[in-house]
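2 protein chains.
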Amino acid sequence: MGEKSKVTIYDLAQKLGTTASTVSRALQDNPRISLKTREAVKQLARELNYIPDPIAHHLRTGKGNVLGIVVPRIDRNFFATIISAFQAVAQKSGYQLIIAQSNENADEEAAAVRALVQKKVDGIAISLSVNSQNVDYPELCSAHNIPIVFFDRTPSDFQNYDTVTNDNFQIGYDAVLQLYKRGCRKIGHFSGPMTQRSYIDRYRGFRKALEDLHLDYHQEWIIPGITEATGYDAALRILQMNERPDGIFSAGDFSAITAMDTFMKKGLSIPRDIAIIGVANEPLDAYLATPLSSFNLHRHQIGEMTASILISRIKGDDDNQELEQPSHIIVKHELILRDSSI
Amino acid sequence: MGEKSKVTIYDLAQKLGTTASTVSRALQDNPRISLKTREAVKQLARELNYIPDPIAHHLRTGKGNVLGIVVPRIDRNFFATIISAFQAVAQKSGYQLIIAQSNENADEEAAAVRALVQKKVDGIAISLSVNSQNVDYPELCSAHNIPIVFFDRTPSDFQNYDTVTNDNFQIGYDAVLQLYKRGCRKIGHFSGPMTQRSYIDRYRGFRKALEDLHLDYHQEWIIPGITEATGYDAALRILQMNERPDGIFSAGDFSAITAMDTFMKKGLSIPRDIAIIGVANEPLDAYLATPLSSFNLHRHQIGEMTASILISRIKGDDDNQELEQPSHIIVKHELILRDSSI
DNA sequence: AATAATTTCACAAAAAGTTGCACAAAGATT
DNA sequence: AATCTTTGTGCAACTTTTTGTGAAATTATT
Chain A
251 MGEKSKVTIY
261 DLAQKLGTTA
271 STVSRALQDN
281 PRISLKTREA
291 VKQLARELNY
301 IPDPIAHHLR
311 TGKGNVLGIV
321 VPRIDRNFFA
331 TIISAFQAVA
341 QKSGYQLIIA
351 QSNENADEEA
361 AAVRALVQKK
371 VDGIAISLSV
381 NSQNVDYPEL
391 CSAHNIPIVF
401 FDRTPSDFQN
411 YDTVTNDNFQ
421 IGYDAVLQLY
431 KRGCRKIGHF
441 SGPMTQRSYI
451 DRYRGFRKAL
461 EDLHLDYHQE
471 WIIPGITEAT
481 GYDAALRILQ
491 MNERPDGIFS
501 AGDFSAITAM
511 DTFMKKGLSI
521 PRDIAIIGVA
531 NEPLDAYLAT
541 PLSSFNLHRH
551 QIGEMTASIL
561 ISRIKGDDDN
571 QELEQPSHII
581 VKHELILRDS
591 SI
Chain B
251 MGEKSKVTIY
261 DLAQKLGTTA
271 STVSRALQDN
281 PRISLKTREA
291 VKQLARELNY
301 IPDPIAHHLR
311 TGKGNVLGIV
321 VPRIDRNFFA
331 TIISAFQAVA
341 QKSGYQLIIA
351 QSNENADEEA
361 AAVRALVQKK
371 VDGIAISLSV
381 NSQNVDYPEL
391 CSAHNIPIVF
401 FDRTPSDFQN
411 YDTVTNDNFQ
421 IGYDAVLQLY
431 KRGCRKIGHF
441 SGPMTQRSYI
451 DRYRGFRKAL
461 EDLHLDYHQE
471 WIIPGITEAT
481 GYDAALRILQ
491 MNERPDGIFS
501 AGDFSAITAM
511 DTFMKKGLSI
521 PRDIAIIGVA
531 NEPLDAYLAT
541 PLSSFNLHRH
551 QIGEMTASIL
561 ISRIKGDDDN
571 QELEQPSHII
581 VKHELILRDS
591 SI
């Protein structure tokens, strides 16, 4: 039924010989309107295919049923999966989703958050870009009474805010433990940008495990700044070392994959010469030339938890907002063992 | 700095001893307001950190600077990349993006489109779910004066609407051609759902190439309904055939990858026994056990073109909307040759 | 039957901006 | 000096919905 569009409560009121206010209340099941009238209104609304105008509604009530989510990059599988899960939960609760990407850029990120605040979204979920550390988003948001939840990449003063993360310390620890179990004694690390807590924690877990296992720590075996595809360079550096590591914990899968590729092209055997464990469990890890051991971070859970915390903050907004403690959800990880470290 | 929030044009007007209308016009650089006044208004607006309320603006003008995009699944790399590119262009033109996913479900898709229309987005980009064919979105949208552009997955009567696609016929054709060049003479096909034009076209291109090259067409070698990970079953079926194909054009990478994996585990050699070419050029194709030949579909271009067509439709809305011919943008593809078909 | 209590609904204001029209002041023309 | 333009502002209406208040209609009480 392609209605002409534009059916307002005034149209309904006119046809019923009543007023807009009555129609509005009737549609809200306001007990001040008689049941008879309520039914008549709803009946007509259905017939005329009436849709309340969300813009006007938003203007009057200040609630728009829209959530905002900001990620470094939409096209990274990790974030796309989280968004997907987040969106599913949001949709179930009647929220639309506005997605913004920061392109790993602090300025674009700030602009995105501001735009969302300006748009008066009901809540914001955000994963910080690598070089955003001390951000003022929580203040900005709380000034406008908009709940904010951080996931995966959190600010340094994360204790004060709601967060959903993995136990990155334990991930680092577990990686070393597994490499140790298979016989590695000289373990190196491809580390992510040390501006981000998640990468710092992975590194610290790695260090702690070395310590607990009484393994040597070689500064040289820590190759920092692994972003996307710098695994190639890292591998070359390792090949030139006098004493090479025999196991590597890479803070990301992509660098692990390109490093493995390079090692193999240079004649090394994985995992015999060097064992490798990555993080993220990218979709095709299982089908690689050497299937890559990696940590499943249960992204779906991250997305779902983030959405449900955010929504519950929105709902319970009036009650006890200031009093509540921030929640810090830790989503469990799972080491998927494949040839690269067996 | 952190204003209390809520500064309206009325506040500005009051402080300046003028009225809201003058402030509104001054901020819009309306020439009917003297330069002096304009400057004074803008100056004060800056000082008070005034932000125009987009909701009120939208209510009055009907334009909200928001675009909607609907995809089957956000977490498929193909769509995520397109969204990413789309978003970049939209952002540059000052548009926010609302993203919805249909989960390959026609009902959810319809609900999403309706929600976007209701929210009065300025334009909609959509890639249909596999089983949406005859959809009424264009009518719905044009009734509400919202431009709509289809990308990748288009409706069957696509001629009437703006579309951005690849030349799927040619992709099918080129795949066969390449397999032929490397010596394959018994070429099979993993086909996608035949409800979608893109897959139909790939199949038709495949058929036409067989014909032009005077190759046999074996019904048995066409394995239909490849969605995500059914490559395993397809491979098993092929292994049981009396006469096996020696080359396969798979309409998607994932099925090609799992099929390759299965073949190899059963002792066949790729490409010696069977050569394979996929479609989509997934991120890790190059690092697979056997690197997979695949078609780069230039997703970034798809996203960018879709956004710019949509935006130009929005802008040129008043002028000649009905008169304009729909545009059908074809984004070029590129066969990336890797071991699986060399 | 008259007053009180309750129910039902209409009016108008409010949310924050935009815009057509009218009107005043200044400048130009005769 | 009187009339006509031009320029700059203000008033009020408009977008659609929600909601406080108060009036009318209905029912109950004595």
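Quick mapping for you: the protein sequence lines, in order, are chains A and B.
Each residue of the first sequence is one higher than the one before, starting from 251 at the first, in the working numbering.
Each residue of the second sequence is one higher than the one before, starting from 251 at the first, in the working numbering.
Even for Gly, the Cβ is constructed at its ideal location relative to N, Cα and C.
These figures come from a predicted structure and were not determined experimentally.
Linking residue 540 of chain A to residue 452 of chain B through their CA atoms gives a straight-line distance of about 32 Å. For residue 351 of chain A, the nearest beta carbon of chain B is closer than 7 Å to its own beta carbon. Counting C-beta pairs closer than 8 Å gives three or more between the stretch 302 to 320 of chain B and the stretch 344 to 363 of chain B, which meets the contact rule.
Relative to residue 516 of chain A, the option among A:501, A:329, A:490, A:579 whose CA is nearest is A:490.
If you ignore the 5 residues before and after residue 484 of chain A, its C-beta comes within less than 6 Å of the C-beta of 440, 473, 509, all in its own chain and listed in chain order. Under DSSP, residue 398 of chain A shares a beta bridge with A:374. Taken through DSSP and simplified to helix, strand or coil, residue 556 of chain A comes out as helix. Residue 503 of chain A sits away from residue 475 of chain A, with the two beta carbons spaced by 7 Å or more. Legend: CB atoms of the stretch 276 to 307 of chain A lying less than 9 Å from CB atoms of chain B belong to residues 301, 302, 303, 304, 305, 306.
According to the DSSP secondary-structure assignment, residue 348 of chain A is paired through a beta bridge with A:318, B:348. Per the DSSP secondary-structure output, residue 329 of chain A pairs with nothing in a beta bridge. If you ignore the 5 residues before and after residue 362 of chain A, its C-beta comes within less than 7 Å of the C-beta of 320, 350, 352, all in its own chain and listed in chain order. Under the three-state reduction of DSSP output, residue 517 of chain B falls in the coil class, being neither helix nor strand. Annotation: residue 492 of chain A to residue 457 of chain A spans about 22 Å, alpha carbon to alpha carbon. Chain A has a Cβ within less than 7 Å of the Cβ of residue 539 of chain B.
In this structure, the beta-carbon distance from residue 526 of chain B to residue 590 of chain B falls below 7 Å. Against chain A, the CB of residue 560 of chain B has no partner CB under 7 Å away; the residue lies outside that interface. Taking 7 Å as the threshold, the shortest C-beta distance from residue 421 of chain B to chain A does not fall below it.
CA-to-CA, the gap between residue 385 of chain A and residue 405 of chain A works out to about 7 Å. Shown here, residue 416 of chain A sits in a strand according to DSSP, grouped into three states. Around residue 559 of chain B, the same chain offers 399, 412, 414, 577, 579 as residues with beta carbons nearer than 8 Å, after the five sequence neighbours per side are excluded.
The beta carbon of residue 317 of chain A sits no closer than 7 Å to any beta carbon of chain B. Boundaries of the beta strand (DSSP E) around residue 584 of chain B: 584 to 586. A buried status is given to residue 448 of chain B, since no fewer than 16 other beta-carbon atoms sit within 10 Å of its beta-carbon. Take the alpha-carbon of residue 302 of chain A and the one of residue 264 of chain A: they are about 16 Å apart. Under the three-state reduction of DSSP output, residue 307 of chain B falls in the helix class.
Among the bridge pairs identified by DSSP, residue 581 of chain A is matched with A:416. Residues of chain B with a Cβ closer than 8 Å to the Cβ of residue 311 of chain A do not exist, since the nearest Cβ in that chain sits about 10 Å away. Between residue 335 of chain A and residue 548 of chain A, the C-beta gap is not smaller than 7 Å, which leaves the two residues out of contact.
The beta carbon of residue 552 of chain B does not come within 7 Å of any beta carbon belonging to chain A, so the residue lies off that interface.
Residue-level contact by beta carbon fails for residue 372 of chain B and chain A, as no gap is shorter than 7 Å. About 5 Å separates the Cβ atoms of residue 340 of chain A and residue 557 of chain A, confirming a contact at the 8 Å cut-off.
When secondary structure is reduced to three states using DSSP, residue 385 of chain B falls in the coil class, being assigned neither helix nor strand. At a cut-off of 7 Å between C-beta atoms, residue 546 of chain B does not count as an interface residue with respect to chain A. For residue 439 of chain B, the three-state secondary structure derived from DSSP is strand. Taking the Cβ atoms as the reference, residue 323 of chain B lies roughly 7 Å from residue 354 of chain B, within the contact range of under 8 Å.
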